[in-house]
Amino acid sequence: MRDAHTLVIGGGQAGLAMSYHLRQHGIEHVVLERGRIAETWRTQRWDSFTVVGPNWSVSLPGAPYAGPDPNGFMPRDELVHYLESYARLISAPVETGVAVRQVEPDGAH
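Numbering follows the working numbering, with no gaps: position 99 of the sequence shown is 458.
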């Protein structure tokens, strides 16, 4: 794992959005994900799952929904692809396969 002062735990929507904002402010960070990007969407949702809100509401910073069906409901696999693509788009520093069990301050202020 690389050395970082700021950690984001989780490589889902919230973690990737936080990574975007940290990068916009020039803050070095690393995103730690115990599985793969969007792991919960991949493994804890049934195959036919769709996003509860309409596609136009699926929007991460710098990457609003741009698909052909803004009033439709995005299937699980499409959302996983969107999150993977977004992580590449923003060059999110994601480290996968890292389970965070405890976080302690390093004493620096």
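Cβ coordinates follow ideal geometry from the N, Cα and C atoms, glycine included.
With fewer than 16 other beta carbons inside 10 angstroms of its own, residue 407 counts as exposed. Residue 371 places its beta carbon less than 9 angstroms from that of residue 399. Between the beta-carbon of residue 373 and that of residue 420 there is about 11 angstroms, and that puts the pair past the 8 angstroms contact cut. When C-alpha distances from residue 393 are compared across 454, 463, 444 and 365, the shortest belongs to 454. Burial check for residue 416: the Cβ neighbour count within 10 Å stays below 16, so the residue is exposed. For residue 437, the three-state secondary structure derived from DSSP is helix. When DSSP reads this structure, residue 454 sits in a beta bridge with 391.
Looking at the backbone, the Cα of residue 457 and that of residue 423 are separated by about 29 angstroms. With at least 16 other beta carbons inside 10 angstroms of its own, residue 414 counts as buried.
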